[in-house]
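S.K.:
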Amino acid sequence: MPQKPERVFQGTGVSAGVVLGTALKLESHKQLVLKVHTLGHMAEEEVQRFLRAVDLSKTQLEVLKRRLEDKVGREHSYILDAHILMLEDHGLLSEIISSMRTAHVSAEWAVCRATDRLRQACESLNDEYFRERGRDIENIVERLLMNLSGEAHESWAPLPEDLILVGRDFDPSNFALVELEKVRGLALESGSRTAHTAIIARSLRLPAVFEVRDFLSSVTTGDTVLVDGDEGQVTVNPEPNRLAEARQRLEAFQAVLRQSSPLPRSPAVTLDGVVISIQANTELLHEVRAAKSCGAEGIGLFRSEFLFFAHPRGFPSMADQLETYEMLGAEMHPYPVTIRTLDVGGDKIPAGFDLPKQPNPSMGLRGIRLSLKNRDLFATQIEAILRASLRGGMEIALPMISSVEEIWQAKEVIQQVRERLLRASVPLTAEVPVGAMIEVPSAVVILELLSREVDFLCVGTNDLVQYTLAVDRVNPEVSHLFQPLHPSILHSLRRIAEVSRALGKSVRICGEIAANPFFTVLLVGLGYSRFSMNAYAIPAIREFIASISFSSARELAEKAMFLRTAGEVRDFLTETLPKLVKIDLTPYLKEIRSPDDRTSLSYVS
Amino acid sequence: MIRQVIQVENRLGLHARAAAKLVRLACRFASSVHVSREGANQRIDAKSILGVLMLSAAQGTRLVLLIEGEDEAEAGQAIRRLFEERFGEEN
Chain A
1 MPQKPERVFQ
11 GTGVSAGVVL
21 GTALKLESHK
31 QLVLKVHTLG
41 HMAEEEVQRF
51 LRAVDLSKTQ
61 LEVLKRRLED
71 KVGREHSYIL
81 DAHILMLEDH
91 GLLSEIISSM
101 RTAHVSAEWA
111 VCRATDRLRQ
121 ACESLNDEYF
131 RERGRDIENI
141 VERLLMNLSG
151 EAHESWAPLP
161 EDLILVGRDF
171 DPSNFALVEL
181 EKVRGLALES
191 GSRTAHTAII
201 ARSLRLPAVF
211 EVRDFLSSVT
221 TGDTVLVDGD
231 EGQVTVNPEP
241 NRLAEARQRL
251 EAFQAVLRQS
261 SPLPRSPAVT
271 LDGVVISIQA
281 NTELLHEVRA
291 AKSCGAEGIG
301 LFRSEFLFFA
311 HPRGFPSMAD
321 QLETYEMLGA
331 EMHPYPVTIR
341 TLDVGGDKIP
351 AGFDLPKQPN
361 PSMGLRGIRL
371 SLKNRDLFAT
381 QIEAILRASL
391 RGGMEIALPM
401 ISSVEEIWQA
411 KEVIQQVRER
421 LLRASVPLTA
431 EVPVGAMIEV
441 PSAVVILELL
451 SREVDFLCVG
461 TNDLVQYTLA
471 VDRVNPEVSH
481 LFQPLHPSIL
491 HSLRRIAEVS
501 RALGKSVRIC
511 GEIAANPFFT
521 VLLVGLGYSR
531 FSMNAYAIPA
541 IREFIASISF
551 SSARELAEKA
561 MFLRTAGEVR
571 DFLTETLPKL
581 VKIDLTPYLK
591 EIRSPDDRTS
601 LSYVS
Chain B
606 MIRQVIQVEN
616 RLGLHARAAA
626 KLVRLACRFA
636 SSVHVSREGA
646 NQRIDAKSIL
656 GVLMLSAAQG
666 TRLVLLIEGE
676 DEAEAGQAIR
686 RLFEERFGEE
696 N
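These protein sequences, in sequence, are chains A and B.
Heads up: the first sequence at position 549 corresponds to 549 in the numbering used here, and the numbers run straight through without jumps.
One gets the numbering used here by counting positions in the second sequence from 1 and adding 605 to each.
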């Protein structure tokens with residue numbers, strides 16, 4: 001096979017680092033294309049496994065076809081006939097089987113490779129109808145993969161160790177399905193910096209480039225891919241000289257990954273003695289280790305939906321959840337763990353839900369609304385949290401609160417569960433604090449009313465920005481308008497800080513923005529003293545806080561309040577903050593730059 | 606070996622249903638059946654649905670059929686009839 005030409009694509013770097021690996025193309029939302037490589041002597045078994053999957057697929061299609069004929073008549077079942085014939089196509093079958101025999105690849109890999117080529121051939125046809133047949137092929141591939149995975153449980157075992165996941169998008173739930181140890185990077189056609197997937201990529205230190213336009217047709221599973229999350233660049237089949245150029249940075253990044261420097265746990269203190277508590281946002285269980293090694297003072301936000309995503313066919317039982325929460329509590333002891341109750345909807349829905357398609361999911365049935373509509377599910381989660389509180393400090397954070405009634409209703413469920421457990425003589429702690437996530441503008445407006453109903457407040461800055469500015473952060477057409485420095489956000493944040501101080505409620509910032517010094521300084525200046533962030537960001541932010549004084553932060557925040565646009569705030573911060581601290585702020589600049597001034601803004605430290 | 610030129614007459618061309626019918630028919634015979642666009646070199650196996658679809662033969666396309674084997678005469682006739690009957694499409 002001739003060497004494929006090098007192709008370079010520019011996207012948006014959303015997670016830093018440089019990495020080289022083998023492409024694994026993800027084909028659809030529903031079926032994650034798993035596994036690859038070498039079984040050596042097991043090739044014949046693999047061929048048999050493939051043939052069984054083909055047979056099974058054909059049987060399924062025959063049944064479907066008969067059903068379709070009964071329902072709508074013969075005229076419409078012909079497309080399934082074409083699908084069945086594809087599964088009998090000896091050209092295709094022999095290509096797949098021979099690659100299993102000669103290259104010792106797994107059935108899934110062989111299927112993906114052969115059909116990838118076919119689909120590309122389809123796409124190159126002039127006639128639109130025939131071009132569209134690529135979708136029929138996709139259909140068959142999906143069915144084959146589904147039937148293959150039904151037989152194999154250790155599906156990731158034969159994969160190479162250096163996967164770069166490439167695809168149109170990557171649903172956060174897929175992190176539950178992939179074997180993370182084998183994933184080195186991500187390159188996607190869609191997505192944005194603040195998308196959930198980007199957040200997870202950063203917390204896993206997976207270099208990632210999103211918004212890489214029109215690149216999927218140029219990459220196939222098995223290609224060598226260079227992902228440069230610093231420059232936002234993806235290179236398919238890089239030339240030797242490009243690799244030589246990148247070598248030093250590749251090695252440097254590997255060195256960064258290897259070094260894990262557990263820090264002594266000490267609170268962050270400003271130069272003038274203000275103590276700032278920093279906790280970790282987590283959702284993957286192994287992040288708990290990161291949280292501990294980075295010196296987090298507890299888990300400020302455990303995104304519990306991850307537990308639900310990890311159950312691809314249903315919901316985690318009370319016992320499943322209890323085990324996880326107890327583990328979190330025990331690991332983080334004596335620090336508390338805040339469990340955010342199931343927050344799905346928007347861009348993330350676990351497989352167990354059979355939700356009708358919502359035309360506008362971010363404004364639909366999500367967060368607390370979904371829990372209050374599925375009270376049994378909610379009660380199960382509450383029971384697990386209450387029981388776990390015996391083992392470690394637990395707190396409950398209610399997501400997407402927009403009214404006082406929602407808090408009343410949620411607390412009623414909590415009270416009912418508590419009473420039921422006490423009647424059954426289950427030992428419980430006296431109190432589990434209940435807090436509200438402040439992430440919807442209405443919650444900011446009625447904050448005085450909400451605050452009186454809860455024990456603490458958690459500001460979810462990503463959603464707050466999204467809902468306040470009415471900007472869908474995953475829509476590339478408007479994602480540049482997602483501006484956390486927008487004056488409306490700063491004024492909301494000031495209001496939240498003032499109200500909670502006046503009412504004596506504990507408040508913490510649970511968004512990624514707290515992990516960027518340009519925001520951290522504003523937040524400290526506004527009076528926030530509790531943050532929860534990506535564990536890996538904690539050491540740098542602790543260092544930053546130790547280098548500023550509260551009084552100068554306050555002065556800076558006060559001045560920022562008079563500015564009229566996000567751009568003015570940004571310019572002001574990039575002008576003044578570097579003079580205030582000796583720390584290199586260059587890496588953080590990128591995050592607060594708007595996409596249109598990527599090249600114009602230069603900053604020398 | 607039989608060589609015959611056939612024009613695709615049906616309105617939809619060799620789309621999925623027509624292609625499926627052609628493949629099913631070709632598979633009934635022991636002879637090998639190959640098709641190419643008239644004037645083109647690339648020959649595809651008429652027993653492969655993917656091959657037939659890749660021909661992307663719209664209405665009016667002229668195809669060359671090459672049939673070889675013990676039942677080639679029968680096969681040639683049956684396939685010609687399928688094209689002439691416009692794959693059973695009404696139009």
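Beta carbons are placed, not taken as given, at the ideal position from N, Cα and C, and that holds for glycine.
Taking the alpha-carbon positions, what's the A:V434 to A:I299 distance?
M.R.: 15 angstroms
S.K.: What residue does the alpha helix (DSSP H) around A:N462 start on, and which one ends it?
M.R.: T461 to L469
S.K.: Shortest alpha-carbon distance to A:I96 belongs to which of A:H486, A:R418, A:L526 and A:V111?
M.R.: In this structure, A:V111 is the residue among A:H486, A:R418, A:L526 and A:V111 with its C-alpha nearest to the C-alpha of A:I96.
S.K.: Checking contacts by CB at 8 angstroms: is B:I607 closer than that to chain A?
M.R.: no
S.K.: B:G693 by DSSP, collapsed to three states: which one?
M.R.: helix
S.K.: Please report how far the alpha carbon of A:P264 lies from the alpha carbon of A:A535, in whole angstroms.
M.R.: In this prediction, A:P264 scores a pLDDT of 48, lower than 50, which makes its location untrustworthy; no coordinate-derived value is stated.
S.K.: I want to see whether chain B comes within less than 8 angstroms of A:N126, judged by CB atoms only; does it?
M.R.: yes
S.K.: Between which residues of its own chain and B:V669 is the CB-CB distance below 6 angstroms, once the five residues before and five after are set aside?
M.R.: V610, S641 and E643
S.K.: Counting only the same chain and skipping the five closest in sequence on each side, list residues whose C-beta sits under 8 angstroms from that of B:A635.
M.R.: G674, E675 and D676
S.K.: Along the chain, where does the beta strand (DSSP E) containing A:F226 start, and where does it finish?
M.R.: It is worth fixing the name first, because residue 226 of chain A is Leu in this sequence and not Phe. Residues T224 to D228.
S.K.: Using a Cβ distance threshold of 8 angstroms, determine whether the segment 612–627 of chain B contacts the segment 51–64 of chain A, with at least three qualifying pairs required.
M.R.: no
S.K.: With a 10 Å radius around its C-beta and 16 neighbouring C-beta atoms as the bar for buried, classify A:T102 as buried or exposed.
M.R.: exposed
S.K.: Are A:V524 and A:I276 close, meaning C-beta to C-beta below 8 angstroms?
M.R.: Taking 8 angstroms as the cut-off, the beta carbon of A:V524 is found closer than this to the beta carbon of A:I276.
S.K.: Run the CB neighbour count on A:F562, radius 10 Å, all protein chains shown included, and call it buried at 16 or more, exposed below.
M.R.: exposed
S.K.: In chain order, what residues of the segment 470–493 of chain A put their CB closer than 9 angstroms to some CB of chain B?
M.R.: Answer set for the segment 470–493 of chain A: empty.
S.K.: Does the beta carbon of B:I611 sit closer than 8 angstroms to a beta carbon anywhere in chain A?
M.R.: no
S.K.: Identify the continuous beta strand (DSSP E) that holds A:M332 and give its terminal residues.
M.R.: From DSSP, A:M332 is part of no beta strand (DSSP E) but of the alpha helix (DSSP H) over M318 to M332.
S.K.: Alpha carbon to alpha carbon, what distance is there between A:E305 and A:V18?
M.R.: 30 angstroms
S.K.: If A:M100 and A:V47 are in contact, beta carbons under 8 angstroms, what's the gap, nearest whole angstrom?
M.R.: 5 angstroms
S.K.: Use the C-beta contact count for A:H333: other C-beta atoms within 10 angstroms, 16 or more gives buried, fewer gives exposed.
M.R.: A:H333 is exposed by the Cβ-count criterion.
S.K.: Helix, strand or coil: how does DSSP classify B:R608 here?
M.R.: strand
S.K.: DSSP on A:R101, reduced to helix/strand/coil?
M.R.: helix
S.K.: Check the Cβ-Cβ distances between A:D169 and every residue of chain B, and say whether any is below 8 angstroms.
M.R.: At a cut-off of 8 angstroms, the C-beta of A:D169 has no neighbouring C-beta in chain B.
S.K.: Closer than 8 angstroms by C-beta to A:D116: which residues in its own chain qualify, once you throw out the five before and the five after it? Chain order, please.
M.R.: Around A:D116: K25, T220 and T221.
S.K.: Have a look at A:G364 and A:V14 and give me their C-alpha separation to the nearest angstrom.
M.R.: 27 angstroms
S.K.: How would you list, in chain order, the residues of chain B whose beta-carbon sits under 7 angstroms from the beta-carbon of A:D89?
M.R.: S653, I654 and L655
S.K.: Assign A:D376 to one of two classes, buried (16 or more other C-beta atoms within 10 Å of its C-beta) or exposed (fewer than that).
M.R.: A:D376 should be labelled exposed.
S.K.: Is there contact here, the segment 242–260 of chain A with the segment 209–218 of chain A, by at least three beta-carbon pairs under 8 angstroms?
M.R.: A contact between stretches requires three or more CB pairs, one per stretch, nearer than 8 angstroms, and the segment 242–260 of chain A fails this requirement with the segment 209–218 of chain A.
S.K.: For B:S777, return the contacting residues in chain A, with the cut-off set at a CB-CB distance below 8 angstroms.
M.R.: Since the first residue shown for chain B is 606 and the last is 696, residue 777 of chain B is missing from the structure and cannot be characterised.
S.K.: Here's a check: name, in chain order, each residue in its chain whose Cβ is nearer than 8 angstroms to the Cβ of A:A198, leaving out the five neighbours to either side.
M.R.: V14, S15, G191, S192, A208 and F210
S.K.: What are the boundary residues of the beta strand (DSSP E) that A:F302 is part of?
M.R.: I299 to R303
S.K.: I need the boundaries of the alpha helix (DSSP H) containing A:E161, first residue and last residue.
M.R.: Note, A:E161: premise wrong, no alpha helix (DSSP H); not H, not E.
S.K.: Do you know whose CA, among B:E690, B:I684, B:I672 and B:D650, lies nearest A:L92's CA?
M.R.: B:D650
S.K.: Which whole-angstrom value describes the C-beta separation of A:N281 and A:S506, a residue pair presumed to lie in contact below a C-beta threshold of 8 angstroms?
M.R.: A:N281 to A:S506, Cβ: 17 angstroms. No contact.
S.K.: Within 8 angstroms of any Cβ in chain A, is that where the Cβ of B:L671 sits?
M.R.: no
S.K.: For A:Y325, which residues in the same chain have their Cβ closer than 7 angstroms to its Cβ, ignoring the five residues on either side in sequence?
M.R.: I339, A384, I385, A388 and M394
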